[in-house]
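One structure below.
Numbering (our numbering), first residue to last: 1341 to 1554.
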């Protein structure tokens, strides 16, 4: 996002060993600050909450990973994010997140949850020029698109090769790129056995959307 000559970066901290949050970085100065540390919108849910992430038909027990997927609206005024261990989607104004004079409690009050309807875990987000949000669907080996104005989800890609689709990005050539991390096959979820198949893959598919210019 442009704010100053170099812009502003927003990084989700999903670590399960401490309070999750959103890190804001001024790319001009290199200065960074943390927002929403431990706030409910950046926390994941775990087995204690009766929640588990499903991938390739298997329910995975693990730490309640927090805010992970993150994306900007096309106009750069809204930041969207979702915890990995959650079906929730949240947003807040970037003007508040990026203004260091705004106190944390004011930022927290500005956070809003999008209406429900999602039933899959998501690891990555991206937005297109029309403001639609692309989700990686970890549960169903898919890419799902949300039209925020209608709160309608639609599956645009489903492929068994997308094993734990992680990062997703729209290119200027109307190509959608997505990585397959196979995280669910890692030793921590498979009793110590590493079932991941190498090399890791980056997939591409034709899209009907242009990337957001932010």
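Here a beta-carbon is modelled for each residue, glycine too, at the ideal position from N, C-alpha and C.
With respect to the beta strand (DSSP E) encompassing residue 1518, which residues constitute its N-terminal and C-terminal limits?
Numbered from its first residue, the chain shown carries residue 1518 at position 178. Note, residue 1518: beta strand (DSSP E), 1515 to 1520.
At the level of alpha carbons, what is the spacing between residue 1480 and residue 1536?
As a first step, residue 1480 is located in the chain shown; it is residue number 140 there, counting from the start. As a first step, residue 1536 is located in the chain shown; it is residue number 196 there, counting from the start. Roughly 18 Å separates the two Cα atoms.
Need the endpoints of the beta strand (DSSP E) that residue 1510 sits in, please.
Sequence index remark: in the chain shown, residue 1510 carries index 170 (1-based). Looking at the DSSP string, the run of the beta strand (DSSP E) that includes residue 1510 is 1505 to 1510.
Taking just the CA atoms, how far does residue 1489 sit from residue 1456?
Position 116 of the chain shown, counted from the first residue, corresponds to residue 1456. Position 149 of the chain shown, counted from the first residue, corresponds to residue 1489. Taking the straight line from one Cα to the other gives about 13 Å.
Run through DSSP, which three-state label would residue 1372 get?
Locating residue 1372 in the chain shown gives position 32, where the first residue counts as 1. Note: residue 1372 maps to strand in three-state DSSP.
Could you tell me how far apart the beta carbons of residue 1349 and residue 1367 are, in whole angstroms, since I believe they sit closer than 8 Å?
For the purposes of this step, residue 1349 is taken as the residue at position 9 of the chain shown. For the purposes of this step, residue 1367 is taken as the residue at position 27 of the chain shown. That belief holds up - the Cβ atoms of residue 1349 and residue 1367 are roughly 6 Å apart, short of 8 Å.
When you compare only the Cα positions, how much space is there between residue 1519 and residue 1405?
By one-based count along the chain shown, residue 1519 stands at place 179. By one-based count along the chain shown, residue 1405 stands at place 65. The alpha-carbon atoms of residue 1519 and residue 1405 are separated by roughly 19 Å.
Is the separation between the beta-carbon of residue 1354 and that of residue 1365 shorter than 9 Å?
In the chain shown, the residue the question calls residue 1354 occupies position 14. In the chain shown, the residue the question calls residue 1365 occupies position 25. Contact: no.
Taking residue 1361 as the reference, which of 1398, 1370, 1374 has the closest Cα?
Along the chain shown, read from residue 1 onward, the residue named residue 1361 stands at position 21. It is 1374 whose Cα lies nearest to the Cα of residue 1361.
I'd like the span of the alpha helix (DSSP H) that includes residue 1449, first residue to last.
Translated into the one-based positions of the chain shown, residue 1449 becomes position 109. Segment 1444 to 1450, the alpha helix (DSSP H) holding residue 1449.
Could you name the residues of the same chain whose beta carbon sits closer than 7 Å to that of residue 1542, not counting the 5 residues immediately before and after it, in chain order?
Locating residue 1542 in the chain shown gives position 202, counting from the first residue. Around residue 1542: 1517, 1519.
Using the C-alpha atoms, what's the distance from residue 1477 back to residue 1423?
Within the chain shown, residue 1423 is the residue found at index 83, counting from 1. Within the chain shown, residue 1477 is the residue found at index 137, counting from 1. Rounded to whole angstroms, residue 1423 to residue 1477 spans 13 Å at the Cα level.
Give me the Cα-Cα distance between residue 1435 and residue 1534, rounded to the nearest whole angstrom.
Position 95 of the chain shown, counted from the start, is the residue given in the question as residue 1435. Position 194 of the chain shown, counted from the start, is the residue given in the question as residue 1534. The alpha-carbon atoms of residue 1435 and residue 1534 are separated by roughly 44 Å.
Identify the continuous alpha helix (DSSP H) that holds residue 1412 and give its terminal residues.
By 1-based counting over the chain shown, the position of residue 1412 is 72. Here residue 1412 belongs to no alpha helix (DSSP H); instead the beta strand (DSSP E) covers 1407 to 1412.
Assign residue 1443 to one of two classes, buried (16 or more other C-beta atoms within 10 Å of its C-beta) or exposed (fewer than that).
In the chain shown, residue 1443 corresponds to position 103, counting from 1. The residue is exposed, with fewer than 16 neighbouring Cβ atoms inside 10 Å.
Return the residue from the list 1528, 1370, 1363 that minimises the CA-CA distance to residue 1346.
Against the chain shown, residue 1346 aligns to sequence position 6. Per the Cα distances, 1370.
Where do the N-terminal and C-terminal ends of the beta strand (DSSP E) with residue 1542 fall, by residue?
Within the chain shown, the letter at position 202 stands for residue 1542. Residues 1541 to 1546.
Which class does residue 1484 belong to by DSSP, given the choice of helix, strand or coil?
Residue mapping note: residue 1484 aligns to position 144 of the chain shown, counting from 1. DSSP places residue 1484 in strand when its eight states are reduced to three.
Taking the Cβ atom as the reference point for each residue, do residue 1419 and residue 1400 lie within a distance shorter than 9 Å?
On the chain shown, residue 1419 is found 79 positions in, with the first residue counted as 1. On the chain shown, residue 1400 is found 60 positions in, with the first residue counted as 1. Against a cut-off of 9 Å, the Cβ pair of residue 1400 and residue 1419 comes out as no contact.
Which residues mark the beginning and the end of the beta strand (DSSP E) in which residue 1419 is found?
Taking the chain shown and counting its residues from 1, one reaches residue 1419 at position 79. Its beta strand (DSSP E) spans residues 1418 to 1423.
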